[in-house]
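Residue numbers (the numbering used here): 10 to 466.
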Ligand code: S2G
Ligand code: ZN
């Protein structure tokens with residue numbers, strides 16, 4: 010394999026040392042073996058085509074690798090695969106101020122794209138805690154969501170064009186950055202969210218928009234989780250929300266222990282809502298705050314008076330993931346329709362209390378999108394395997410509650426390896442059969458990220 014790869018790549022861009030295999034063969038998940046055969050660092054689309062054709066001829070598998078911030082094992086290589094890293098394909102290729110479209114290689118880091126837009130008075134609105142490491146190719150492969158979806162939608166909504174290399178080694182230019190194009194199936198949308206199982210995303214035409222007006226951030230203490238949607242509706246009616254997030258007191262305590270930020274206010278609450286909205290609505294937001302206190306939904310609250318304070322309040326939410334990481338959390342990333350959230354939350358809270366009375370549970374997420382992150386933290390005296398085995402036992406009951414509400418067992422983190430076997434809780438047998446057919450169309454020899462998203466495919 011190494012010799013064949015060195016016929017395509019210079020020797021220094023083919024890595025096989027244990028250190029390199031250990032770094033590039035895994036993402037943010039820690040529950041799968043890491044055993045790639047090699048890591049390659051292409052710099053051109055032609056090299057991607059060549060290594061894809063080689064994989065088809067020589068019969069080895071390929072794992073696309075971007076920022077490796079995935080949480081479902083989508084970028085893990087456990088069976089001798091060749092990891093194809095986009096670290097060296099990280100150029101911004103073109104920008105047109107009239108189209109407001111920037112053409113990026115897949116390896117551009119998300120935060121770099123955000124800066125590139127800001128330098129031109131524009132704004133790339135998809136944002137999340139890992140944007141400093143994640144790459145746009147991986148964001149596209151998982152249709153990344155994050156904290157601004159309630160106002161700006163998901164990655165899918167900002168991709169005007171996509172250059173891909175299919176699992177058969179064909180290059181497709183999908184949609185070419187056009188606003189309108191009514192010429193049949195929009196193949197771009199098959200690759201967005203496909204988790205690298207149909208081919209490689211190699212370049213993207215990404216839409217930008219005008220910079221938003223000044224924002225304010227508010228954090229509220231909420232007594233009962235089922236009141237959270239009443240709070241959301243009250244503010245949605247009064248201001249233009251850019252974000253509506255929530256987190257539990259236990260999540261807050263981990264951030265306070267891990268980061269140098271103060272509590273939002275002196276009193277404590279079981280849950281907190283974090284809202285971001287256009288500053289023009291500050292008066293209306295304060296009136297709404299009073300109304301939610303009068304209704305008994307909200308206890309205390311704070312509104313940012315400076316960018317620094319707004320950033321400190323956001324840290325309370327964005328710092329959760331890394332603050333709880335040392336506790337090897339068992340993650341669930343669930344979504345139901347927004348109208349189902351209150352009942353769903355109550356049911357899951359009860360179920361978790363029943364099954365996990367002795368374990369620490371951290372709730373947080375994008376409740377404005379119906380998306381909840383339920384994290385069970387591993388106790389120090391339990392091994393990872395024993396802990397995961399215990400958590401896996403409740404997953405069917407948890408996913409049954411999701412299925413009963415026609416929700417998703419993976420709202421934004423993707424299926425990868427972690428949720429693959431639970432896919433039938435959210436997708437019908439007919440859909441799964443059709444997804445397998447689509448996989449065979451684009452990746453006839455099954456070289457692309459085998460075992461991810463679809464079992465035995
Ligand atoms: C979030 C980030 C990853 C995690 O904070 O919204 O999507 O830890 C998560 O769940
Ligand atoms: Zn999230």
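Think of the CB as a built atom: it goes at the ideal place given N, C-alpha and C, for glycine as much as any other residue.
Query raised in the report: Where residue 327 and residue 155 are concerned, what is the direct C-alpha to C-alpha distance, given to the nearest angstrom?
Result: 10 angstroms
Query raised in the report: Along the chain, where does the alpha helix (DSSP H) that runs through residue 65 open and close?
Result: 54–67
Report task. In angstroms with no decimal places, state the Cα-to-Cα distance between residue 408 and residue 80. Result -> 18 angstroms
Query - Buried or exposed by the 16-neighbour rule on C-beta atoms within 10 Å, applied to residue 422 - result: buried
Requested in this report: Answer with buried or exposed for residue 107, where buried requires no fewer than 16 other C-beta atoms within 10 angstroms of its C-beta.
Outcome: exposed
Query raised in the report: In its own chain, which residues sit with a C-beta less than 8 angstroms from the C-beta of residue 62, not counting the 5 before and 5 after it?
Result: 178
Query - Closest residue to residue 428 among 353, 350, 342, 451 (Cα-Cα distance) - result: 342
Report task. Indicate, with yes or no, if the ligand S2G has a heavy atom lying under 7 angstroms from the CB of residue 128. Result -> no
Query - Member of 195, 83, 416, 209 whose CA lies at the smallest distance from the CA of residue 51 - result: 209
Report task. Name the two residues that bound the continuous alpha helix (DSSP H) containing residue 412. Result -> 393–413
Query raised in the report: Got a sec: does the ligand ZN put a non-hydrogen atom nearer than 7 angstroms to the Cβ of residue 267?
Result: no
Query - Unbroken stretches of the alpha helix (DSSP H), 4 residues or longer, contained in the segment 109–169 - result: 119–128, 145–150, 158–161
Query raised in the report: Would you say the beta carbon of residue 329 comes nearer than 7 angstroms to a heavy atom of the ligand S2G?
Result: yes
Query raised in the report: Can you give the beta carbon distance from residue 69 to residue 56, rounded, assuming they're within the 8 angstroms contact cut?
Result: Between residue 56 and residue 69 the Cβ distance is about 16 angstroms, and since that is not below 8 angstroms, they are no contact.
Query - Bounding residues of the alpha helix (DSSP H) (the contiguous stretch that carries residue 352) - result: 350–364
**Report entry** Neighbour flag for residue 262 against chain B, beta carbons, 8 angstroms
**Finding:** Considering every chain present, this structure includes no chain B. It has just one protein chain.
Query raised in the report: Along the chain, where does the alpha helix (DSSP H) that runs through residue 303 open and close?
Result: 291–303
Requested in this report: Quick one: measure Cβ to Cβ for residue 457 and residue 176, integer angstroms, because I've assumed they're closer than 8 angstroms.
Outcome: 4 angstroms
Requested in this report: Over the uninterrupted beta strand (DSSP E) stretch that includes residue 230, give me the two end residues.
Outcome: 224–231
Report task. Compute the Euclidean distance between the alpha carbons of residue 452 and residue 152, then round it to the nearest angstrom. Result -> 20 angstroms
Report task. Return yes when at least one heavy atom of the ligand S2G lies under 7 angstroms from the C-beta of residue 363, else no. Result -> no
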